[in-house]
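Novice: Just so we're aligned, residue 324 is where the sequence shown starts under my numbering, counting upward by one.
Ideal placement from N, C-alpha and C gives every residue a C-beta, glycine not left out.
All values derive from a computational prediction rather than experimental measurement.
Below: one structure in structure tokens.
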Amino acid sequence: MSNENLFAALRAAFPSDLSAVAIETDNHLHYRWGDLERGTAMLANLLESLALPAQSRIAVQVEKSVEAAMLYLATLRAGHVFLPLNTAYQKAEIEYFVGNAEPAVVVCTPKNFGWVSKIAFKCGTRNVFTLGDDRTGSLLERAAHCSDVHAVVERREDDLAAILYTSGTTGRSKGAMLTHGNLLSNAQVLKDYWGWQPGDVLIHALPIFHVHGLFVALHGALLNGSKMIWLGKFDPKTVIEAMPRATVFMGVPTLYVRLLAEPTLDREAVRNMRLFIAGSAPLLVETFREWQERTGHTILERYGMSETAMLTSNPYRAEAGERRGGTVGFPLPGVGLRVRDDAGQAVATGEIGGIEVRGPNVFKGYWRMPEKTKDEFTADGWFRTGDVGKIDERGYVTIVGRSKDLIISGGYNVYPAEIEGYINDMPGVAESAVVGVPHPDFGEVGVAVVIAKPGTQVDGDKIVGVLKSQLANFKIPKRCFVVDELPRNAMGKVQKNLLREQHKGLFDLP
Ligand code: MLC
Ligand code: AMP
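Next up, the structure:
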């Protein structure tokens, strides 16, 4: 049987001319395909020299760089399991992930080494390396002594390739276990469905610690042997300047909103572009239309999640149908998608219900949470996405909401229960409720509503200040109100829908 390691498939797609440029960065560095081959070999050899147990977790919280992407590829290559962590996560968040995943290796930025290594060593991790976004740090110093020849470790499609933590409704994050087969099957389907072709060049402007930037974008370009224009951070002006040299762009809706705010975005700027893809959060129909008017291009919206990678996509080829704003298109080839009511019965075409999916892309389960995993699958093996939607008579899927109490802000997920837990722990706070409200830039943002304990006073701005020292910045409510009471139903449960309604006009929408 051939090696089913995802890296083997990505490597096989490298162009035969390894001296061609694979990645061009925004700080004028050029990486050749041969550099990716040798760099990943050296890093894989470094991991092997540590004599780690098979399929060890390699936890990585570093700024975006080509070397960070190589570390991901090297982890696959060496047969270990990649565990990417958002750079915004602070001490308590990292403590939880490292404690839960028990990684054999932790890689952090040089400036965070002090506190991250303390957490890692306390949790029993023996190897902590640093990696800066300017090619500094102990990881590359050590790898420099390693051979640049490495045989890709044998893996079966069912072996773990990555664990992605997604926040849970109870506030505790769950590690979604994705296999080599999950990721490769999805990448192969997308290569065909989105018509990747020779000469494509991808503008890679997303972070590489989530599905969108790490899998959809990176695998897409690598599996097509396509060059990437690699941006450390999203900046609309830099993206527009790069467009004449590129053909494909992927972004969360906030990136499209910010690009539209640039007067230089016009038909001339996008003249060589083939495809604009959006996902991770709902794309407003206004944004979809404005993009069409300004650029002449129709954004292709798709839908996915950490547990499943990509599930649906609007069509690329005109003969398969039009790209319809406000919908997320059709289930991808090989993906089963159905809509069920609360009793588990199929709903009629056009009726709303919970979205359930199955397919080779659906994850193996939550890391060390067999009960939670069982709860999220139906008896006949479909995964409950927690998204609420409908399928129309032509087969287009529309997401109309979420049954999970989730806020998606600028493409990042925020679970109110986690934030409420932190607020409720603050002195003087009796209770709190965090809800998502519309926002012109981030799509949706969190707003906190708090009641104080009798006889005490609390201050909304101070609560926000304390949260900023505890949690990743994108999770911080943009406003915090202190009130006398929260709206409740007859059962005493806080009516979040009323709070959302009350605060929906807080931020000026276009
Ligand atoms: C930054 N800020 C945010 C935020 N990002 N607030 C709410 N939501 C966000 N997403 C706040 C910071 O807290 C800070 O506030 C201020 O904005 C400036 O911070 P910054 O870091 O300079 O922001 P910026 O670089 O402008 O980042 C915005 C962004 C980024 C949109 C570029 O959020 C981003 O890259 N989002 C993409 C997320 C992504 O890749 N998601 C894919 C998930 S995969 P203050 O108060 O401190 O000044 C997935 C599955 C699928 O969902 O289907 O793809
Ligand atoms: P994550 O857990 O970070 O992978 O986020 C996955 C969630 O993002 C999904 O369950 C959806 O709620 C949401 N999502 C992803 N793509 C879209 C989209 N195109 N439209 C609406 N919601 C989306």
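In the DSSP assignment, what are the bridge partners of Met566?
Specialist: Numbered from 1 along the sequence shown, position 243 holds the residue referred to as residue 566. Paired residue(s): none; Met566 is not in a bridge.
Novice: I'd like to know whether the C-beta atoms of Val770 and Lys791 end up nearer to each other than 8 Å.
Specialist: In the sequence shown, the residue the question calls residue 770 occupies position 447. In the sequence shown, the residue the question calls residue 791 occupies position 468. Contact: no.
Novice: For the beta strand (DSSP E) holding Trp438, just list the boundary residues, first then last.
Specialist: Within the sequence shown, the letter at position 115 stands for residue 438. Not the beta strand (DSSP E): Trp438 falls in the alpha helix (DSSP H), residues 436-445.
Novice: At a cut of 8 Å, does the stretch 468-477 reach the stretch 718-736 through at least three beta carbon pairs?
Specialist: No, the stretch 468-477 does not touch the stretch 718-736.
Novice: Determine the closest residue to Val344 out of Leu545, Glu674, Lys785, with distance taken between C-alpha atoms.
Specialist: Indexing the sequence shown from 1 puts residue 344 at position 21. The shortest C-alpha separation from Val344 is found at Leu545.
Novice: Does the structure place the stretch 479-489 close enough to the stretch 454-463 that three or more beta carbon pairs sit under 8 Å?
Specialist: No, the stretch 454-463 does not touch the stretch 479-489.
Novice: When you compare the CB positions of Glu624 and Gly652, do they come within less than 8 Å of one another, or not?
Specialist: By 1-based counting over the sequence shown, the position of residue 624 is 301. By 1-based counting over the sequence shown, the position of residue 652 is 329. Contact: yes.
Novice: Which runs of the beta strand (DSSP E), 3 residues or longer, sit entirely within the stretch 639-673?
Specialist: Whole beta strand (DSSP E) segments, 3+ residues: 659-663.
Novice: When you measure from the CB of Ser636 to every non-hydrogen atom of the ligand MLC, does any distance come out below 7 Å?
Specialist: Locating residue 636 in the sequence shown gives position 313, where the first residue counts as 1. Outside the cutoff, so no.
Novice: Can you name the start and end residues of the alpha helix (DSSP H) that Arg400 belongs to?
Specialist: The residue labelled residue 400 in the question sits at position 77 within the sequence shown. 389-400 is the extent of the alpha helix (DSSP H) around Arg400.
Novice: As a quick exercise: from Ser372, Leu541, Leu513, pick the residue whose alpha carbon is nearest that of Leu634.
Specialist: Here residue 634 refers to the residue found at position 311 when the sequence shown is read from its first residue. Closest by alpha carbon: Leu513.
Novice: Just to confirm before moving on: does the CB-CB distance between Asp457 and Lys387 stay below 8 Å?
Specialist: Against the sequence shown, residue 457 aligns to sequence position 134. Against the sequence shown, residue 387 aligns to sequence position 64. For Asp457 and Lys387, no; Cβs fall outside 8 Å.
Novice: Could you check what DSSP says for Pro683 in three-state terms: helix, strand or coil?
Specialist: Translated into the one-based positions of the sequence shown, residue 683 becomes position 360. Coil, per DSSP.
Novice: So, at 7 Å on beta carbons, what are the nonlocal neighbours of Asn368 in its own chain, with the 5 sequence-adjacent residues on each side left out?
Specialist: Numbered from its first residue, the sequence shown carries residue 368 at position 45. Taken in chain order, the residues that qualify are Cys469, Ser470, His473.
Novice: CB-CB under 6 Å to His542, same chain, minus the five flanking residues each way: which ones, in chain order?
Specialist: Along the sequence shown, read from residue 1 onward, the residue named residue 542 stands at position 219. If we look at His542 and ignore the five residues flanking it on each side, its Cβ neighbours are Ala510.
Novice: Could you check whether the Cβ of Thr721 sits closer than 7 Å to any heavy atom belonging to the ligand MLC?
Specialist: Taking the sequence shown and counting its residues from 1, the one referred to as residue 721 is at position 398. No, the beta carbon of Thr721 sits no closer than 7 Å to any heavy atom of the ligand MLC.
Novice: Quick check on DSSP: helix, strand or coil for Met365?
Specialist: For the purposes of this step, residue 365 is taken as the residue at position 42 of the sequence shown. Helix.
Novice: The ligand MLC and Lys556: does the residue's C-beta get closer than 7 Å to at least one heavy atom of that ligand?
Specialist: Taking the sequence shown and counting its residues from 1, one reaches residue 556 at position 233. Correct: Lys556 has its Cβ closer than 7 Å to the ligand MLC.
Novice: Within this structure, are the beta carbons of Val385 and Ile346 separated by less than 8 Å?
Specialist: If you number the sequence shown from 1, residue 385 lands on position 62. If you number the sequence shown from 1, residue 346 lands on position 23. In this structure, Ile346 does not lie closer than 8 Å to Val385 by Cβ.
Novice: Can the beta-carbon of Pro739 be found less than 8 Å from the beta-carbon of Val758?
Specialist: Within the sequence shown, numbered from 1, the residue matching residue 739 stands at position 416. Within the sequence shown, numbered from 1, the residue matching residue 758 stands at position 435. Yes, they are a contact pair.
Novice: May I ask which residues mark the beginning and end of the alpha helix (DSSP H) holding Ile786?
Specialist: For the purposes of this step, residue 786 is taken as the residue at position 463 of the sequence shown. Taken as a continuous stretch (DSSP letters only), the alpha helix (DSSP H) holding Ile786 covers 783-793.
Novice: Alpha carbon to alpha carbon, what distance is there between Leu394 and Ala370?
Specialist: Residue mapping note: residue 370 aligns to position 47 of the sequence shown, counting from 1. Residue mapping note: residue 394 aligns to position 71 of the sequence shown, counting from 1. In the sequence under discussion, the amino acid at residue 370 is Leu, which differs from the Ala named in the question. Each residue's alpha carbon lies about 10 Å from the other.
Novice: Using three-state DSSP, classify Gly518 as helix, strand or coil.
Specialist: As a first step, residue 518 must be located in the sequence shown, where it is residue number 195. Of the three classes helix, strand and coil, the one that applies to Gly518 here is coil, per DSSP.
Novice: Report the option in Ile675, Phe797, Leu373 whose CA atom is closest to the CA atom of Ala466.
Specialist: Taking the sequence shown and counting its residues from 1, one reaches residue 466 at position 143. With distances taken between Cα atoms, Ala466 lies closest to Leu373.
Novice: Can Ala484 and Leu454 be called in contact, C-beta distance under 8 Å?
Specialist: Here the question's residue 484 lines up with position 161 in the sequence shown. Here the question's residue 454 lines up with position 131 in the sequence shown. Taking 8 Å as the Cβ cut-off, Ala484 and Leu454 do not qualify as a contacting pair.
Novice: To the nearest angstrom, report how far apart Asp703 and Gly766 are at their CA atoms.
Specialist: As a working note, residue 703 is residue 380 in the sequence shown. As a working note, residue 766 is residue 443 in the sequence shown. Distance between the alpha carbons of Asp703 and Gly766: 35 Å.
Novice: Buried or exposed: which applies to Arg380, given that a residue is buried once 16 or more other Cβ atoms fall within 10 Å of its Cβ?
Specialist: By one-based count along the sequence shown, residue 380 stands at place 57. Buried.
Novice: Is Asn547 buried or exposed, if buried means 16 or more other CB atoms sit within 10 Å of its CB?
Specialist: Residue numbering aside, residue 547 sits at position 224 when the sequence shown is read from its first letter. It is buried - the Cβ of Asn547 has at least 16 other Cβ atoms within 10 Å.
Novice: What ranges does the alpha helix (DSSP H) occupy inside the stretch 718-793, keeping only unbroken runs of at least 4 residues that lie completely in it?
Specialist: List check, alpha helix (DSSP H) in window: 739-747, 783-793.
Novice: When you measure from the CB of Tyr395 to every non-hydrogen atom of the ligand MLC, does any distance come out below 7 Å?
Specialist: Within the sequence shown, the letter at position 72 stands for residue 395. No, Cβ of Tyr395 sits at least 7 Å from all heavy atoms of the ligand MLC.
Novice: So Lys497 and Lys776 are supposed to be a Cβ contact under 8 Å. How far apart are they, rounded?
Specialist: Translated into the one-based positions of the sequence shown, residue 497 becomes position 174. Translated into the one-based positions of the sequence shown, residue 776 becomes position 453. Not a contact, Cβ separation roughly 32 Å.
Novice: In three-state DSSP terms, what is Ser845?
Specialist: Nothing about residue 845 can be read from this structure; the chain reaches only from 324 to 833.
Novice: What residue does the alpha helix (DSSP H) around Leu463 start on, and which one ends it?
Specialist: One-based indexing of the sequence shown puts residue 463 at position 140. Taken as a continuous stretch (DSSP letters only), the alpha helix (DSSP H) holding Leu463 covers 461-466.
Novice: Check whether the Cβ of His533 sits closer than 7 Å to any heavy atom of the ligand AMP, and report yes or no.
Specialist: Counting from one through the sequence shown, the residue named residue 533 turns up at place 210. Within the cutoff, so yes.
Novice: Under 6 Å Cβ to Cβ from Pro654, same chain only, skipping five residues before and after it: list those, please.
Specialist: The count along the sequence shown starts at 1 and reaches residue 654 at position 331. Excluding sequence neighbours, Pro654 sits near Thr635, Leu660.
Novice: Could you give the first and the last residue of the continuous alpha helix (DSSP H) run that contains Thr635?
Specialist: What you label residue 635 is simply residue 312 of the sequence shown in a count that begins at 1. Here Thr635 belongs to no alpha helix (DSSP H); instead the beta strand (DSSP E) covers 632-636.
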